[in-house]
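Chains as they are written, first to last, in our numbering: chain R, 949 to 1367; chain G, 32 to 132. No residue lacks a Cβ here, since even glycine has one placed at the ideal position from N, Cα and C. The structure displayed is predicted, hence computed values, not measured ones. Accompanying notes for the structure given below.
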């Protein structure tokens, strides 16, 4: 683990979530940023392009003709050993799908911000985790942020996690579109623009070395004039090696939680801000009988709901999932094992499955327990449908009645939809 | 390739990098037609050298002259996949494609 950092000076700014990403990227100063505009992500690249135009960063900024090209350009940059960033949402993320899998399997430490938005049809620009859920099988690390501050922090941490030689995987930093991306909040940013790049990330990206036929080679595509051993990455693998390469990828993914925890601790020393153990965060959960589980912006609302319901005598607590992939199975089991009822809040449609995505993970993680809590799923907020505290309080009330045996448990139900 | 012992996932280089240099993969056994080059007809225009997608056509150089001149061309059948592009671009029909035995 790296040396202990001293706390760095920070300043308060009024930023929305997208601007917080732009400022994080300004401070990271990647070698390459390529992106294509899409609501509600557009402000990220808009602000960042101003930093480029003003000469504040040396980043190569590439305007491309589609998201497929944006991620492809960034894959090229990362494969050449660079530090690279892109951002998108919804249809853009869906269009990237083919390259998502390639970026991860080539073990490229790309960071991508996702201002989550509903997928078409019908067209809707508002928050919904369906776009990220559509990409959750791509083998990326996926982190969800609760507010603009965490967005800023997660983007910076994501580079450190991605580039760690134990990991070498791309990271998605997801946050709810509009609710976070377009809502101005107080955000602390580093006063010295060099703290992130020079101190926290330790300068430019360090490329790992691999052993190839007895020779030590940098895992980066270099011109023939700059390397004794030119590399080929990702060529035909077929039945005899694909499985082994996939296993390496899976091994890195399942080892990432340790690095995410370390980076969370290290960042806390630098800023004073810490997000649980980096994977999950508990809020008034230890003595709770009823546990709520959620990701993204609604975690903030649920903190308030927990406070209100606690005042009314309900023993309710909250588990925030910060790292969704790799899924923090052990942490979830530990946090929820002695609860009576668990209510999962999914901002994504179940699409014919047993329940919506987060519910599937939570429920199957708890299956190993001898004495399992009742786990039910609330599908809420699709297409940006508001999820105000009263609506969520009704759900907690219902969870309480399930615990008392007054209502039969269900797998999932829709919250806040008109009949 | 068959019969040789292949490394397990821990021994393989990461990043979807093949564990051998590409020169170690003898792709010539994919060939069903073999280009035969007649150096007597060949005018050393070098078009086939440029067009070969596998860089499988090589040049032997004249020695001792004031500047390097091509003496003759040869085909490395370890890598030639028999695509026939060389025979197609040859302006003097010095390359003919013959079925592999």
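Please state if the CB of residue j and the CB of residue i are separated by a distance shorter than 8 Å.
i, j, result
"residue 936(R)", "residue 1263(R)", "Residue 936(R) cannot be examined here, being either before or after the span of chain R that is shown, 949 to 1367."
"residue 1200(R)", "residue 1333(R)", "no"
"residue 117(G)", "residue 79(G)", "yes"
"residue 1326(R)", "residue 1291(R)", "yes"
"residue 988(R)", "residue 1126(R)", "yes"
"residue 1068(R)", "residue 1041(R)", "no"
"residue 1149(R)", "residue 1107(R)", "yes"
"residue 965(R)", "residue 1063(R)", "yes"
"residue 1222(R)", "residue 1258(R)", "no"
"residue 977(R)", "residue 1000(R)", "no"
"residue 1379(R)", "residue 1043(R)", "With chain R covering 949 to 1367 only, the question about residue 1379(R) has no answer from this structure."
"residue 983(R)", "residue 1025(R)", "no"
"residue 1275(R)", "residue 1309(R)", "yes"
"residue 1289(R)", "residue 1321(R)", "yes"
"residue 1363(R)", "residue 1328(R)", "yes"
"residue 1137(R)", "residue 961(R)", "yes"
"residue 1271(R)", "residue 1205(R)", "yes"
"residue 1022(R)", "residue 980(R)", "yes"
Could you compute how far the alpha carbon of residue i sits from the alpha carbon of residue j?
i, j, result
"residue 95(G)", "residue 1007(R)", "52 Å"
"residue 67(G)", "residue 119(G)", "13 Å"
"residue 1307(R)", "residue 1052(R)", "25 Å"
"residue 1011(R)", "residue 1341(R)", "45 Å"
"residue 19(G)", "residue 101(G)", "Nothing can be reported for residue 19(G), as the shown portion of chain G is limited to 32 through 132."
"residue 1376(R)", "residue 1305(R)", "Residue 1376(R) lies beyond the stretch modelled for chain R, which goes from 949 to 1367, so this question has no answer here."
"residue 1312(R)", "residue 1165(R)", "42 Å"
"residue 1110(R)", "residue 1203(R)", "12 Å"
"residue 91(G)", "residue 73(G)", "13 Å"
"residue 39(G)", "residue 1155(R)", "23 Å"
"residue 125(G)", "residue 76(G)", "11 Å"
"residue 1317(R)", "residue 1078(R)", "29 Å"
"residue 957(R)", "residue 1090(R)", "29 Å"
"residue 1345(R)", "residue 1294(R)", "18 Å"
"residue 1105(R)", "residue 1128(R)", "18 Å"
"residue 52(G)", "residue 1178(R)", "9 Å"
"residue 949(R)", "residue 1213(R)", "Only weak support exists for where residue 949(R) lies, its pLDDT of 43 falling under 50; the coordinates are left without a value."
"residue 990(R)", "residue 108(G)", "54 Å"
"residue 71(G)", "residue 55(G)", "32 Å"
"residue 1265(R)", "residue 1356(R)", "21 Å"
Helix or strand or just coil, what does DSSP make of residue i?
i, result
"residue 967(R)", "helix"
"residue 950(R)", "Its pLDDT being 47, under 50, residue 950(R) is placed unreliably in this model, and the value from its coordinates should be taken loosely. Note: residue 950(R) maps to coil in three-state DSSP."
"residue 127(G)", "strand"
"residue 106(G)", "strand"
"residue 1131(R)", "coil"
"residue 1078(R)", "helix"
"residue 1234(R)", "coil"
"residue 54(G)", "helix"
"residue 1039(R)", "helix"
"residue 1248(R)", "helix"
"residue 1007(R)", "coil"
"residue 1277(R)", "helix"
"residue 989(R)", "coil"
"residue 1001(R)", "helix"
"residue 1015(R)", "helix"
"residue 68(G)", "strand"
"residue 1298(R)", "coil"
"residue 1147(R)", "helix"
"residue 40(G)", "coil"
"residue 1318(R)", "coil"
"residue 959(R)", "strand"
"residue 113(G)", "coil"
"residue 1211(R)", "helix"
"residue 1047(R)", "helix"
"residue 1085(R)", "coil"
"residue 1362(R)", "strand"
* **Interface residues of the region 1168–1183 of chain R facing chain B [CB-CB below 7 Å]** => The structure shown contains no chain B; its protein chains are R and G.
* Asked: Do the region 1242–1250 of chain R and the region 1115–1131 of chain R make contact, defined as three or more Cβ pairs closer than 8 Å?
  -> The region 1242–1250 of chain R vs the region 1115–1131 of chain R: in contact.
* For the region 991–1003 of chain R against the region 959–973 of chain R, are there 3 or more C-beta pairs whose distance is under 8 Å? -> Enough Cβ pairs lie closer than 8 Å, so yes.
* Within 7 Å of chain G by C-beta, residues of the region 1148–1167 of chain R in sequence order -> Correct list: 1158, 1159, 1160, 1161 and 1167.
* **Validate contact between the region 1131–1149 of chain R and the region 1062–1081 of chain R using beta carbons, cut 8 Å, 3 pairs** => The region 1131–1149 of chain R vs the region 1062–1081 of chain R: no contact.
* Counting Cβ pairs closer than 8 Å, one from the region 1224–1231 of chain R and one from the region 85–92 of chain G, do we hit at least three? -> Fewer than three beta-carbon pairs drawn from the region 1224–1231 of chain R and the region 85–92 of chain G are found closer than 8 Å, and the two stretches are therefore not classed as touching.
* Between the region 1045–1065 of chain R and chain G, which residues of the former have CB atoms less than 7 Å from a CB of the latter, in chain order? -> Only 1053, 1054 and 1055 from the region 1045–1065 of chain R bring a Cβ to less than 7 Å from some Cβ of chain G.
* If you pair each beta-carbon of the region 40–51 of chain G with each one of the region 1175–1193 of chain R, do three or more pairs fall below 8 Å? -> Look at the beta carbons and you see the region 40–51 of chain G touching the region 1175–1193 of chain R: at least three pairs across the two are nearer than 8 Å.
* Asked: Of the residues that make up the region 34–49 of chain G, which ones have a beta carbon closer than 7 Å to any beta carbon in chain R?
  -> Closer than 7 Å at the C-beta level to chain R, one finds these residues of the region 34–49 of chain G: 37, 39, 40, 43, 44, 45, 46, 47, 48 and 49.
* the region 1013–1032 of chain R touching the region 1057–1064 of chain R, judged by at least three CB pairs closer than 8 Å -> Counting Cβ pairs under 8 Å, three or more are found: they touch.
* Name, going along the chain, the residues of the region 1000–1032 of chain R whose beta-carbon falls closer than 9 Å to a beta-carbon of chain G. => If you check each beta-carbon in the region 1000–1032 of chain R against every beta-carbon of chain G, the ones closer than 9 Å belong to 1027.
* Asked: Between the region 1275–1282 of chain R and the region 1250–1263 of chain R, are three or more C-beta pairs nearer than 8 Å?
  -> Touching, no.
* Asked: If you measure beta-carbon to beta-carbon, which residues of the region 50–84 of chain G are closer than 9 Å to chain R?
  -> Closer than 9 Å at the C-beta level to chain R, one finds these residues of the region 50–84 of chain G: 50, 51, 52, 53 and 55.
* For the region 1109–1124 of chain R, which residues have a CB atom closer than 8 Å to at least one CB atom of chain G, in sequence order? -> Under the 8 Å Cβ criterion, the region 1109–1124 of chain R contributes 1116.
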